[in-house]
Amino acid sequence: MGSPRSALSCLLLHLLVLCLQAQVRSSARRREPGGDADWQMSGRGRRTHPEARAAGLLRNPTTSYLVEGAEEQRGSALPKVTQQHVREQSLVTDQLSRRLIRTYQLYSRTSGKHVQVLANKRINAMAEDGDPFAKLIVETDTFGSRVRVRGAETGLYICMNKKGKLIAKSNGKGKDCVFTEIVLENNYTALQNAKYEGWYMAFTRKGRPRKGSKTRQHQREVHFMKRLPRGHHTTEQSLRFEFLNYPPFTRSLRGSQRTWAPEPR
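Just remember that the numbering used here sits 2 ahead of the position in the sequence shown, which is counted from 1.
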């Protein structure tokens, strides 16, 4: 057996080695991103990460920091689900909700006149303002911007066949008679067919219908403006200002409280 002095020196040397190893490990953790050096004390002695504070993730000082990835997923999932729901419902015919029916004229940007549906099932953009055949009844097909357009005088729907030609039908239940109203940046409205996506209602400068297969959204031929027929009044009552006579505003003797007092005669 060795002497007690040699055993004690071996024990001290072993403890020194353990201390050095622990110090090396702690320094390595501080150098790593997100290590102990990046954490600071805040609130009631809780450690928070500076990136979490900079991103505004620490909502309550009594709670720990929030995970940034989970917060982004929670915030971005709702808009995506909502947009998908709106997109899906816009493609389905709504049979339960109350249909919105509007009456107006479609002013063609190219011909300078209005779209009309004649009794011989011809459609053109040669009608003057106030023409009875230019009066259109537009009824919604979904809760979005998809509509069915028919002439108020003839009752015929404006539809589009597989060749892109505008035709008039007495029965407008088909998808080829449904158009999507698209409000453009120049405040004009384009009507895109729901069955043939990318094909628009369009008219030439002479008011003749143009094939939908040759139309694009940026063309002037597909731009329309909604106008009320001449002599047509909306059902909404105009709001007028009403003036009410209140007694004059006076002060009390104290000057701090305001009271209503009759006007001295």
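Backbone N, C-alpha and C define an ideal beta-carbon position, used for all residues, glycine too.
Just so it is clear, the structure is predicted and the values come from calculations on it, not from any experiment.
Comparing alpha-carbon positions, which option in the options lies nearest residue i?
i, options, result
"Asp-143", "Ala-129, Gly-174 and Ile-125", "Gly-174"
"Gly-132", "Lys-213, Lys-164 and His-116", "His-116"
"Val-224", "Gly-233, Pro-231, Gly-214 and Arg-232", "Gly-214"
"His-220", "Met-227, Gly-233 and Ala-192", "Ala-192"
"Ala-170", "Val-119, Leu-18, Leu-17 and Ser-29", "Val-119"
"Lys-216", "Asn-188, Lys-164, Tyr-109 and Cys-21", "Lys-164"
"Thr-156", "Glu-141, Pro-134 and Tyr-202", "Pro-134"
"Lys-228", "Tyr-106, Cys-12, Arg-7 and Leu-15", "Tyr-106"
"Glu-187", "Gly-200, Phe-226, Leu-10 and Leu-230", "Phe-226"
Beta strand (DSSP E) containing residue i: first to last residue?
i, result
"Thr-182", "180–185"
"Leu-193", "191–195"
"Met-227", "226–229"
"Ala-170", "168–171"
Just to confirm, are residue i and residue j a CB contact at a threshold of 8 Å?
i, j, result
"Gly-166", "Tyr-198", "yes"
"Leu-158", "Lys-123", "yes"
"Ala-127", "Leu-138", "no"
"Arg-111", "Arg-212", "no"
"Asn-195", "Phe-205", "no"
"Ala-136", "Ala-129", "yes"
"Arg-150", "Cys-179", "yes"
"Ile-125", "Ile-160", "yes"
(request) Any chance you could list the beta strand (DSSP E) runs of at least 3 consecutive residues sitting entirely within the stretch 94–158, in chain order? (result) Qualifying beta strand (DSSP E) stretches, in chain order: 103–110, 116–119, 125–129, 138–142 and 148–153.
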